[in-house]
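Residue numbers (the working numbering): -8 to 444.
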């Protein structure tokens, strides 16, 4: 990968695209540090307490690179656009009009993109409004000279400015991501997510080597001193495992019959249809973690008596509880199958093979081919979901095991918490591989010699 970057830097056009992408990332990081007017959050952020662990707030903090934690302009980050894109993909299956737009080529894609932008702004307004009320309830807003909350027209003006700034940040990030797609390298949305997640790595390193025994593992000595370097080794192994899983594919053989068109003969060749093992990417993990984070988030807005039945119900969705790990595992598998059914249609694939005079060796065309493809897809989806769940659940299981083993005798019990969870690592590695492949394809295009050379 590093050699690819070095070779790409030598090409003037690609170097300009890389610099443009770096400029967009710099703007994103600057905006992530610019506070919104009327918001007053301390240096520790709004999620300093451990009681917020596992909530949707922590999920947004991870996806925004701590911008959500400090109430900056890009606090909502690119998550509304991601949610909007997912909603449009799901609706395209259920609404015939959107399905027709997908099949109309470039014109249809432009119309879907325009609708996606409108939905993004609507979701941005909704999330910004919810975030405003959370800040208001948590006393994170500026007060008047007497130290009291604004009331009347001033309170409405304060709410309007805060919500408008957060929504404008969503629209600006959406535009910056599209600029990367047009003039930069890689997928703009993925690059912004990548930049936000990478920006949290210094916090993880500081936590591992902090001299404060309450948060630093090295400072505690003993087994923590040994396991802290082990965390770095485990992260490297997880990255290698994700790279292997991302490149793994099942090649479905297809044989095309010979046919004569005019005076030329076509076909008569053997090829294959590549089906990726991890065909759904990180989407099942994002869906599952988002849904499981809702109960702890609801608990934040309620007054729950400790030890009550409602309190026990909410504790089931804590990351320290075994129930969370089990339900997380099954939800990842379920969403993997759900996303695979959206991406692949066995009947349509079988019809396309038959229209091009192709057959799968040993399988009759038509319905038997569709059933065979569906069988292969179900097996590959299950395998990919199991591999994906291993990556997503390993940091949680590792933290729980080390909590049981290493916290005896400490005033501040806590295991070796791998802050960069499976979702973060999958996104980081996926974006890096995707960008590297795009660089290689562009370099190959510029070094290709035509038949006239």
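All residues carry an ideal CB built from backbone N, CA and C; glycine is no exception.
Along the beta strand (DSSP E) that carries residue 352, what are the first and last residues, could you check?
Careful: residue 352 lies outside any beta strand (DSSP E) and carries neither H nor E.
Do the CB positions of residue 322 and residue 387 come within less than 8 angstroms of each other?
No, they are not a contact pair.
Supposed close pair residue 68, residue 111 - CB separation, criterion 8 angstroms
Taking a contact as a CB-CB distance under 8 angstroms, the pair residue 68 and residue 111 does not count as one, their CB atoms being some 12 angstroms apart.
Return the residue from the list 50, 139, 335 that minimises the CA-CA distance to residue 310.
Answer by Cα proximity: 50.
To the nearest whole angstrom, what separates the beta carbons of residue 116 and residue 12, a pair I think is in contact under 8 angstroms?
The pair is not a contact, with the Cβ atoms about 29 angstroms apart (cut-off 8 angstroms).
Give me whichever residues DSSP pairs with residue 262 in a beta bridge.
According to DSSP, which records beta bridges pairwise, residue 262 is partnered with 245.
Closest to residue 346 by C-alpha separation, out of 245, 15, 335, would be which residue?
Checked all of 245, 15, 335; the closest Cα to residue 346 is 245.
Does the stretch 95 to 102 come close enough to the stretch 126 to 140 to have 3 or more Cβ pairs within less than 8 angstroms?
Taking 8 angstroms as the limit for Cβ pairs, the verdict is that the stretch 126 to 140 does not touch the stretch 95 to 102.
So if DSSP puts residue 71 in a beta bridge, which residue, or which two residues, is it bridged to?
Per the DSSP secondary-structure output, residue 71 pairs with nothing in a beta bridge.
Nearest to residue 265 by CA position, among 189, 364, 304, is which residue?
Nearest C-alpha to residue 265 among 189, 364, 304: 364.
With H, G and I counted as helix, E and B as strand and the rest as coil, what does DSSP make of residue 234?
Residue 234 carries a helical assignment under DSSP once its states are collapsed to helix, strand and coil.
Name the residue from 140, 107, 155, 5 whose alpha carbon lies nearest to the alpha carbon of residue 63.
Among 140, 107, 155, 5, the Cα nearest to that of residue 63 belongs to 155.
With 16 other CB atoms within 10 Å as the buried threshold, where does residue 290 fall?
Buried, by the Cβ-count rule.
Among all the DSSP beta bridges, which residues are the ones paired with residue 63?
As computed with DSSP, residue 63 is found in a beta bridge with 26.
CA-to-CA distance, residue 373 to residue 222, given in whole angstroms
Between residue 222 and residue 373, the C-alpha separation is close to 28 angstroms.
Could you work out which residue in 379, 328, 21 is closest to residue 370 when comparing CA atoms only?
The option with the nearest alpha carbon to residue 370 is 328.
What is the C-beta distance between residue 421 and residue 237, in whole angstroms, given that I count them as a contact (C-beta under 8 angstroms)?
In this structure residue 421 is in contact with residue 237, their Cβ atoms being roughly 6 angstroms apart against a cut-off of 8 angstroms.
Just the C-alpha distance for residue 144 and residue 61, rounded to the nearest angstrom, thanks.
Distance between the alpha carbons of residue 144 and residue 61 is about 26 angstroms.
Near residue 91, which residues of its chain fall below 8 angstroms by C-beta distance, leaving aside the five closest residues on each side in sequence?
Only 99 meet the Cβ criterion.
Backbone CA spacing between residue 17 and residue 52 [nearest angstrom]
Whole-angstrom Cα-Cα distance: 19 angstroms.
Following the continuous alpha helix (DSSP H) through residue 319, name the residue where it begins and the one where it ends.
Segment 313 to 334, the alpha helix (DSSP H) holding residue 319.
Taking the alpha carbon of residue 341 as the reference point, which residue from 426, 126, 359, 333 has its own alpha carbon closest?
Of 426, 126, 359, 333, the residue nearest in Cα terms is 359.
Same chain, Cβ closer than 6 angstroms to residue 42, neighbours up to 5 away in sequence not counted
Low per-residue confidence applies at residue 42: pLDDT is 49, beneath 50, and the placement is therefore not dependable enough to give any value.
According to DSSP, is residue 430 helix, strand or coil?
In this structure, residue 430 counts as helix in the three-state DSSP scheme.
Can you tell me the Cβ-Cβ gap for residue 188 and residue 415, rounded? I've got them flagged as a contact below 8 angstroms.
Yes, they are in contact, since the Cβ atoms of residue 188 and residue 415 sit about 5 angstroms apart, within 8 angstroms.
Three-state class that DSSP yields for residue 454 in the structure shown:
Residue coverage of the chain in this structure runs from -8 to 444, which leaves residue 454 outside it and unanswerable.
Expressed to the nearest angstrom, what Euclidean distance is found between the alpha-carbon atoms of residue 424 and residue 232?
Those two C-alpha atoms are separated by around 13 angstroms.
Using a Cβ-Cβ cutoff of less than 6 angstroms, which residues in the same chain neighbour residue 367 once the five nearest sequence positions on both sides are dropped?
Contacts found: none.
With H, G and I counted as helix, E and B as strand and the rest as coil, what does DSSP make of residue 90?
Looking at residue 90 - three-state DSSP - the assignment turns out to be helix.
Euclidean distance between Cα positions of residue 277 and residue 419:
Approximately 14 angstroms, taken between the alpha carbons.
Can you tell me whether residue 240 is helix, strand or coil according to DSSP?
Strand.
I'd like to check one pair, residue 314 with residue 286: are the Cβ atoms closer than 8 angstroms?
Contact flag unset, no.
What would DSSP say about residue 362, mapped onto helix, strand or coil?
Helix at residue 362.
State the Cα-Cα distance for the pair residue 436 and residue 361, rounded to the nearest angstrom.
Distance between the alpha carbons of residue 436 and residue 361: 36 angstroms.
Of the choices 72, 30, 21, whose alpha-carbon is the least far from that of residue 131?
Residue 30 is the option with its Cα nearest to residue 131.
Beta carbon of residue 273 nearer than 8 angstroms to that of residue 417:
At the C-beta level, residue 273 and residue 417 come within 8 angstroms of one another.
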